[in-house]
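According to this note's numbering, the sequence shown is numbered sequentially starting from 74.
Below: one structure, written as structure tokens.
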Amino acid sequence: MSHLRAFLARLAVDPEELTRYLRDPRGTMERLGLERAGRHALLTASAGAMWELLLDRSEREPVPGVEPEIAVPQGGSLVVVGTGIRTTGHLTTEAIAWIKAADTVLYLVADPVAEEAIRDLNPHNSMSLRGYYGEGMVRTQSYEAMVEHIMSCVRAGQRTCAAFYGHPGVFAFPSHESVRRARAEGYPARMLPGISAEDCLFADLGVDPAVNGCMSIEASDFLLYDRVIDTSSALVMWQVGVVGDWTYRAEGYQLGSALPMLVAKLIALYGPAHEAFVYEAATLPGLPPHILPIALTHISPVYVNAGSTLYIPPLRPKTLNRSVAAALGFVR
Ligand SMILES: C[S@@+](CC[C@H](N)C(=O)[O-])C[C@H]1O[C@@H](n2cnc3c(N)ncnc32)[C@H](O)[C@@H]1O
């Protein structure tokens, strides 16, 4: 008989077993010899019972009575997963398992390795959503078509998996919208986290958002709206290389007047000489990230593309609120 700890640790590192567990939880527990108390804790989704077992605080004796049923959703459902930025390494065990277990996999990913990996995991039921993009077409139109394609599979009763690169819920509209729409129509739907470009940035640039805080903003949003930027916080600016362009361009975006306007707005906040970093995480193994230190005034279309993220370190130290600090005994 295996202990719950060993059973869950096996699922954590073995996507094949996790796939089997998603398809047939009870059968997998029995085949891997999970002891009865562990089966009961999992089947009743009891966090308390699981922790008691995991910490060896409870007797691992058989739980009396009939084992509860587990609800494996039948009919249409949706799970949205991320492939990470560097698929080779970032694809999580549970993303792999859901891709394998799905009746249909619809994907929108950024590189051929991610495409190949998905097709490898579920060769007969995978399809790219990339065809919904059209050169010069407004991206929101394409996203709507992608969401409706995903929903048509869910409505047709399929266990549907939608895969997006990076974290599927970070700067990604169709992923969130399809979860919202599926839930509104009564289908089980959820999103699993993935590794985003910002996660890579924290690792590659050695930035811990705990130190100064970190604001994350989309470039066109920053440009169009009057946002309050705290220059004592770090700033991560997404989509600088597509700023002001709402269409899809396979061959590169026309940044026209939008990028100079963005740079002018940043300079007004930080000054022209403040050093930022144009950042691109490596998408292939063994390659270093692209990190370009650059004074704000020098940012131009030459240095950014659709995959660039701009990191702006804090300009000034954060200001201590002395009365709060004194009230907390932090300073006299
Ligand atoms: C539509 S968003 C997708 C973000 C993605 N879902 C994620 O989790 O990172 C596209 C933007 O993500 C950022 N991005 C995508 N790939 C990147 C990479 N390899 N390195 C740095 N930033 C990247 C850029 O700001 C880009 O304009």
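Using N, Cα and C, we set each Cβ at its ideal position, and we do this for glycine too.
- Beyond the five residues adjoining it in sequence on each side, Tyr216 comes within less than 6 Å, by CB distance, of Phe246 and Pro247 in the same chain, given in chain order.
- Where Tyr216 is concerned, there is no enclosing beta strand (DSSP E), although the alpha helix (DSSP H) around it starts and stops at Arg212 to Arg228.
- Here Leu393 carries a coil assignment [DSSP, helix/strand/coil].
- A residue is called buried when at least 16 other Cβ atoms come within 10 angstroms of its Cβ; Met74 does not meet this threshold and is exposed.
- Per DSSP, Val243 lies in no beta strand (DSSP E) and is assigned neither H nor E.
- Runs of the alpha helix (DSSP H) lying entirely within the stretch 267 to 330 and spanning at least 4 residues, in chain order: 270 to 278, 282 to 285 and 292 to 297.
- Counting the other CB atoms within 10 Å of its CB gives His163 a total of 16 or more, which places it among the buried residues.
- Distance check between Glu167 and each of Arg104, Ala120, His222 and Leu265 places Leu265 closest, using alpha-carbon atoms only.
- From the listed residues Val404, Leu297, Ala218 and Gly279, the smallest Cα separation to Ala337 is found for Leu297.
- Short of 7 Å from the beta carbon of Val351, and not among the five residues preceding or following it, lie these beta carbons of its own chain, in chain order: Leu365, Ile367, Tyr376, Val377, Ser381 and Leu383.
- Judged by DSSP in its simplified three-state form, Phe237 adopts strand.
- Pairing Arg192 with Thr304, the inter-Cα distance amounts to about 44 Å.
- With a cutoff of 8 Å on beta-carbon distance, Leu369 and Pro345 are scored as near each other.
- Around the beta carbon of Thr233, 16 or more other beta carbons lie within 10 angstroms, which makes this residue buried.
- The set of residues with a C-beta under 7 Å from any non-hydrogen atom of ligand 1 comprises Gly155, Ile158, Ala183, Phe237, Tyr238, Gly239, His240, Pro241, Val243, Phe244, Ala245, Gly267, Ser269, Ala270, Glu271, Cys273, Leu274, Trp311, Gln312, Val313, Gly314, Val315, Tyr352, Glu353, Ala354, Thr356, Ala379, Gly380, Ser381 and Thr382, given in chain order.
- Between the alpha carbons of Arg254 and Met224 lies a distance of about 8 Å.
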